[in-house]
Amino acid sequence: MYLIPKVRVALNRVVLPLLKFPVPETFVGADTALVLCRKIAETHERVLLVTDPSLVSLGLVDGCINALRSQGVTVKVFSEVEPDPSFALIERGLEVMHSFDADALLAIGGGSTIDTAKAMSLSFANKKHPSQLTGLWLYALPRKRGLPLYVVPTTAGTGSEATVVSVLSDVANETKVTIIEPKLAPSSVALDPLLTLGLPAPITAATGMDALTHAVEGFVSTMALAETDKQCLEATRLIALSLPIAYSDGPDILARRDMLVASNLAGLAFTRAGVGYVHAIAHQLGALYHVPHGLANAIVLPYVLDFSLPECEKRLALLGEAAGVRGGGAAFIAWIRSLNESLGIPSKVSALRREDFDKIINHAFAEAHGTYGVPRYMTREDAVVVLEKLLP
Ligand SMILES: NC(=O)c1ccc[n+]([C@@H]2O[C@H](COP(=O)([O-])OP(=O)(O)OC[C@H]3O[C@@H](n4cnc5c(N)ncnc54)[C@H](O)[C@@H]3O)[C@@H](O)[C@H]2O)c1
Ligand SMILES: [Fe+2]
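Heads up, the sequence shown is in this note's numbering, so the first residue is 57 and it goes up one at a time.
Structure (structure tokens):
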């Protein structure tokens, strides 16, 4: 079963460890967003700032705009980013790039903002619609690098500031698609906890569980490497310690910093080791019902792990140890369920409809098979069993 996808994953497993993945220069700590702006001002004159409208109204981008302008940089703001960025949004961003001759991009925001900036940059440099850039670059023609991209993540998170991935919504086909391309990697990043102190508790919970899902799926992936293992274990340890604190006491700066570091480590790991069925299914729940990405992952994670457990019990037990949970892989899954509950995350997807199962499975399998190193392959019947458990 799945001979061609398995051959592709085997090929990825041989080729990917031989490739050098770009790791962005990363500043960590309070006010590093301003350090990053100083760095930008040393080499750039015209910066296009990509962000979303909520962050503008919260004043979260003001510090960087002022810092850049006071150092002589011309800044234009593109603040139309919406959650789950679509091709249409990228097209609007490209129009702005054509009218404002930027020499760098600065993304301040969550994964949606970072992925928008990445796709804009690659699309612009290659004069190609983003839909022509999707898929794993190993199977594509060589492409040109975009403008230097600087990133300040405001959620913790997608880890997108550390990944070679941009996730976009293909609205016409009701699915999400990914561009996986090393040239998407940002140049420099600031993990500045001051920008995440006000992140509302439900978004803290959902985005934190996204980071945990990256660590878990990256760790049980058959494409995992010794280095990604270390990153996943450390991310899991930090999330177990800090996510409950960041959720209940938002302004706790150390918990916020540790969550940014964890999310970044998990991003560095999964950009090489890949993710798995949790993401493949969660992306469809985002595309069809606009379930926020982290929330969808959090809900789906324990069910997919129940399914995968027979093929990755030892790996899950190790993640459990990192989280301070004894009792093996099943105990780790039980711990995830209780963490979800303590973070106010439901165990069902309220919008899910049985009529959509076929569409969800088709798109999830198209995403996962041949790209992700899933530890246990699902038949369609297995996937139906998982989806039934998610029904309200
Ligand atoms: N490229 C990757 O490697 C990667 C990995 C995982 C997920 N993703 C993608 O990232 C997207 C999700 O990103 P996300 O979870 O970061 O959410 P998001 O960027 O969609 O933001 C969610 C909400 O949080 C708000 N917000 C963000 N930061 C805030 C702050 N500091 N204070 C107050 N409000 C704030 C935003 O305004 C928005 O309303 C999805 O499209 C997902 O598929 C990408
Ligand atoms: Fe994710």
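Yeah, the Cβ is synthetic: ideal placement off N, Cα and C, and Gly gets one too.
Minimum length 4: unbroken alpha helix (DSSP H) runs contained in the stretch 163 to 226: 167 to 182
Within-9 Å CB hit, ALA173 to chain D: Of the protein chains in the structure, only one exists, and it is not chain D.
Any non-hydrogen atom of ligand 1 within 8 Å of VAL221 CB: What you label residue 221 is simply residue 165 of the sequence shown in a count that begins at 1. Yes, the beta carbon of VAL221 sits closer than 8 Å to at least one heavy atom of ligand 1.
Start-to-end residues for the alpha helix (DSSP H) that takes in ILE401: Looking up residue 401 in the sequence shown gives position 345. First-last for ILE401: undefined, no H or E at that position.
Same chain, Cβ closer than 7 Å to PRO249, neighbours up to 5 away in sequence not counted: One-based indexing of the sequence shown puts residue 249 at position 193. Excluding positions up to five away in sequence, the list reads ALA86, ILE309, ARG312, ARG313 and LEU316.
Beta carbon of VAL106 nearer than 9 Å to that of THR169: Here residue 106 refers to the residue found at position 50 of the sequence shown. Here residue 169 refers to the residue found at position 113 of the sequence shown. Yes, Cβ-Cβ distance for VAL106 and THR169 is below 9 Å.
For THR231, the first and last residue of its enclosing beta strand (DSSP E): As a position in the sequence shown, residue 231 is number 175, starting the count at 1. From DSSP, the beta strand (DSSP E) with THR231 extends over 231 to 236.
9 Å Cβ cutoff met for ALA160 and LEU203: Numbered from its first residue, the sequence shown carries residue 160 at position 104. Numbered from its first residue, the sequence shown carries residue 203 at position 147. Going by C-beta atoms, ALA160 is nearer than 9 Å to LEU203.
ARG371 classed as buried or exposed, judged by whether at least 16 other C-beta atoms fall within 10 angstroms: Within the sequence shown, the letter at position 315 stands for residue 371. Buried, by the Cβ-count rule.
Beta-bridge partners of SER126, as assigned by DSSP: Translated into positions along the sequence shown, residue 126 becomes position 70. Paired residue(s): none; SER126 is not in a bridge.
Counted within 10 angstroms of its Cβ, other Cβ atoms place THR190 as buried (16 or more) or exposed: Residue 190 sits at position 134 when you count from the first residue of the sequence shown. With 16 or more other Cβ atoms within 10 Å, it is buried.
Spatial distance of HIS270 from THR278 (CA atoms): Here residue 270 is taken as the residue at index 214 of the sequence shown, counted from 1. Here residue 278 is taken as the residue at index 222 of the sequence shown, counted from 1. Looking at the two C-alpha atoms, the distance is approximately 14 Å.
DSSP bridge partner residues for ARG102 (one or two, in chain order): Numbered from its first residue, the sequence shown carries residue 102 at position 46. According to DSSP, ARG102 bridges with THR130.
Buried/exposed call for HIS339, threshold 16 Cβ in 10 Å: For the purposes of this step, residue 339 is identified with residue 283 of the sequence shown, where counting begins at 1. Burial call: buried.
Cα-Cα separation, VAL207 to TYR428: The count along the sequence shown starts at 1 and reaches residue 207 at position 151. The count along the sequence shown starts at 1 and reaches residue 428 at position 372. One C-alpha to the other measures close to 26 Å.
ASP414 CB to nearest heavy atom of ligand 1 below 8 Å: Position 358 of the sequence shown, counted from the first residue, corresponds to residue 414. No; taking the cut-off as 8 Å, the Cβ of ASP414 has no heavy atom of ligand 1 nearer than that.
The stretch 425 to 444 contacting the stretch 326 to 335, beta-carbon criterion three pairs below 8 Å: yes
Contact test: THR211 Cβ vs ligand 2 heavy atom, cutoff 8 Å: Stepping through the sequence shown from its first residue, residue 211 is reached at position 155. Checking every heavy atom of ligand 2 against the Cβ of THR211, none is found closer than 8 Å.
Cβ contact check for the stretch 120 to 135 and the stretch 66 to 79: 3 or more pairs under 8 Å: no
Cβ-heavy atom distance, GLY350 to ligand 2, below 8 Å: Reading the sequence shown from its first residue, position 294 is the one you call residue 350. For ligand 2, at least one heavy atom lies less than 8 Å from the Cβ of GLY350.
Start-end ranges of the alpha helix (DSSP H) lying completely within the stretch 256 to 296, minimum 4 residues: 257 to 276
Beta-carbon proximity list for GLY119, same chain, < 7 Å, skipping 5 on both sides: For the purposes of this step, residue 119 is taken as the residue at position 63 of the sequence shown. Non-local beta-carbon contacts of GLY119 in its own chain, meaning distances under 7 Å to residues more than five positions away in sequence, involve ALA89 and LEU90 in chain order.
From ALA163, GLU147, PRO109 and MET57, residue whose alpha carbon lies closest to that of VAL103: As a first step, residue 103 is located in the sequence shown; it is residue number 47 there, counting from the start. The residue with the shortest Cα to Cα distance from VAL103 is ALA163.
For VAL63, the first and last residue of its enclosing alpha helix (DSSP H): Counting from one through the sequence shown, the residue named residue 63 turns up at place 7. Looking at the DSSP string, the run of the alpha helix (DSSP H) that includes VAL63 is 59 to 71.
Helix, strand or coil at PHE77 [DSSP, three-state]: One-based indexing of the sequence shown puts residue 77 at position 21. Coil.
Segment contact, 8 Å Cβ cut-off, at least three pairs: the stretch 256 to 264 with the stretch 283 to 294: no
Closer than 8 Å: HIS419 CB and nearest ligand 2 heavy atom: Here residue 419 refers to the residue found at position 363 when the sequence shown is read from its first residue. No - ligand 2 has no heavy atom lying nearer than 8 Å to the Cβ of HIS419.
VAL331 - DSSP class collapsed to helix/strand/coil: As a working note, residue 331 is residue 275 in the sequence shown. VAL331: coil per DSSP, three-state reduction.
Exposure of ASP305, with buried meaning 16 or more beta-carbon neighbours within 10 Å: Reading the sequence shown from its first residue, position 249 is the one you call residue 305. ASP305 is exposed by the Cβ-count criterion.
Alpha-carbon spacing of GLU369 relative to SER244, whole angstroms: Stepping through the sequence shown from its first residue, residue 369 is reached at position 313. Stepping through the sequence shown from its first residue, residue 244 is reached at position 188. Distance between the alpha carbons of GLU369 and SER244: 37 Å.
Assumed close pair PRO141, PRO348 - CB separation to whole angstroms, cut-off 8 Å: Within the sequence shown, residue 141 is the residue found at index 85, counting from 1. Within the sequence shown, residue 348 is the residue found at index 292, counting from 1. At roughly 13 Å, the Cβ-Cβ gap does not stay under 8 Å, so PRO141 and PRO348 are not in contact.
Backbone secondary structure at THR88 - three-state DSSP: As a first step, residue 88 is located in the sequence shown; it is residue number 32 there, counting from the start. DSSP, read as helix, strand or coil, puts THR88 in helix.
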